[in-house]
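Heads up: the structure comes next, in structure tokens.
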Amino acid sequence: MGRCPPVYPIGPLIRTGFESESDSSVCLKWLDDQPLQSVLYVAFGSYWTLSPEQLTELAMGLEMSEQRFLWVVRRPEIEINPNRFMERTKGRGLVVWSWAPQLRIRSHGSIGGFLTHCGWSSILESVAFGVPMIAWPLIFDQKMNAVFVGDGLKAGIRVEKNENGIVERGHISLLVKKLMGSEEGKRIRERIMDIKIAAQKAVSKEGSSTLAQVVKSWSSEN
230 MGRCPPVYPI GPLIRTGFES ESDSSVCLKW LDDQPLQSVL YVAFGSYWTL
280 SPEQLTELAM GLEMSEQRFL WVVRRPEIEI NPNRFMERTK GRGLVVWSWA
330 PQLRIRSHGS IGGFLTHCGW SSILESVAFG VPMIAWPLIF DQKMNAVFVG
380 DGLKAGIRVE KNENGIVERG HISLLVKKLM GSEEGKRIRE RIMDIKIAAQ
430 KAVSKEGSST LAQVVKSWSS EN
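Take the numbering used here: the last position of the sequence shown gets the number 451, and nothing is skipped along the way.
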């Protein structure tokens, strides 16, 4: 069996430009009015959706947590109206029914946490901006990514499903409170800030991800 070739990790690499502000002024203005690191950003990507039952549990969990949240729902056919949820959470919560500028949201000073489906780009951007996560994987490599976030990086908390595959409202509320307002949440925030600094060093001028350093590492192996 041949020798495994060396691997030279680089990154984290994220988009450097911000998206268009079209249709985003409402959510960004709302974030401007919120206290520092007080808002949980909730987004599950563009392709996968939750079942109606799970959507209700998520909505009720967010309400029960009594924490501020920004929830981006990109599928217009989805309805969220369990007992007038949006009316009762108006003021401390905002539901966006369209495209939203993820980079601008995650880098905003009022964002204190991210409930994510654990797509790899979402994780990299959260690390780059120092945003702790609630890891809620839906499919494919997202489950492995969630383990990496919670158990490897220790930069977030993983959700647990019941015997029917549902994440219950009480559990959601507990995790949101834990991430946003507990001592454990504070430790997770400190941990991801340490990772953020390490990531910045890696992609800095003298960092390990520069072309010169990669070439140097490659040359030393040959």
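Note that the Cβ used here is the ideal one computed from N, Cα and C, for glycine as well. Remember, predicted model here, so these are calculated numbers, not experimental data.
(message) Could you compute how far the alpha carbon of Asn391 sits from the alpha carbon of Gln283?
(response) One C-alpha to the other measures close to 11 Å.
(request) Would you give the residue range spanned by the beta strand (DSSP E) that Ala384 belongs to? (result) Counting along the chain, Ala384 falls outside any beta strand (DSSP E), and DSSP gives it neither H nor E.
(request) Would you decide whether Val300 is buried or exposed? Buried here means 16 or more other CB atoms lie within 10 Å of its CB. (result) Checking the displayed sequence, the identity of residue 300 turns out to be Trp instead of Val. It counts as buried.
(request) Determine, using beta-carbon pairs with one atom in the segment 360-368 and one in the segment 377-385, whether at least three such pairs fall under 8 Å. (result) yes
(message) Once the 5 residues before and after Gly410 are set aside, which same chain residues still bring their CB inside 8 Å of it?
(response) Gln296
(message) Any contact between the segment 270-289 and the segment 391-404? By contact I mean 3 or more CB pairs, one from each, below 8 Å.
(response) yes
(request) Leaving aside the five residues before and after Glu354 along the sequence, list all residues of the same chain whose C-beta is less than 6 Å from its C-beta, in chain order. (result) Ile243 and Arg335
(message) Whole angstroms are fine: how far does the CA of Lys430 sit from the CA of Trp326?
(response) 37 Å
(request) From the DSSP output, in three-state form, read off Val236 for me. (result) coil
(message) Quick check on the burial criterion: 16 or more other C-beta atoms within 10 angstroms. Buried or exposed for Ile352?
(response) buried
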